[in-house]
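**Student:** For the sequence shown, the numbering used here gives the first residue as 105, with consecutive numbering after it. I am attaching a structure below and will ask some questions about it afterwards.
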Amino acid sequence: MLASRLANLFRKLSHLQKLEDQALTDDPDYKRVLQTAIVTARNAPSHERVMTTLEHWGVDANEVFFLGGMKKDRILNVLKPHMFF
């Protein structure tokens, strides 16, 4: 159940990304509002599953951090995300 809700959320995110892609096509001076970063303590080979799943949902990540067990707080302090889960 949670996986289907998450998939639904990411499909909506994909739609927003496509709207921004179109806005950028229409106006080259458009500044993207939405940035997507993947920050996970996992490392290879789990990155393949993450990237395959995002691709399946139509989501493009602007930044990806596979930290291999390192703490995420340093990255998150720099990114200052509005939403994190």
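Built from N, CA and C at the ideal position, the CB exists for glycine as well.
Quick check on residue 156: buried or exposed, where buried means 16 or more other Cβ atoms within 10 Å of its Cβ?
**Tutor:** Answer is exposed; the Cβ neighbour count stays below 16.
**Student:** Any idea if residue 129 is buried or exposed, counting beta-carbon neighbours within 10 angstroms, 16 or more meaning buried?
**Tutor:** By the neighbour-count criterion, in which 16 or more other beta carbons inside 10 Å mark a residue as buried, residue 129 falls on the exposed side.
**Student:** To the nearest angstrom, how far is it from the Cα of residue 112 to the Cα of residue 158?
**Tutor:** Straight-line Cα distance between these residues: approximately 12 Å.
**Student:** Since residue 179 sits in a beta bridge, which residues does DSSP pair it with?
**Tutor:** In the DSSP output, where bridge partners are listed per residue, residue 179 has none listed.
**Student:** Could you tell me the boundaries of the beta strand (DSSP E) in which residue 141 lies?
**Tutor:** 141-144
**Student:** Thinking residue 138 and residue 110 are a contact (beta carbons under 8 Å), I'd like their distance in whole angstroms, please.
**Tutor:** In fact, because the Cβ distance is near 17 Å, the residues do not count as touching under 8 Å.
**Student:** How about residue 180 and residue 167: do their beta carbons lie closer than 9 Å?
**Tutor:** With a cutoff of 9 Å on beta-carbon distance, residue 180 and residue 167 are scored as not near each other.
**Student:** Residues in the same chain with beta-carbon distance under 7 Å from residue 165, minus the five sequence neighbours each way, listed in chain order, please.
**Tutor:** 140, 141, 142 and 158
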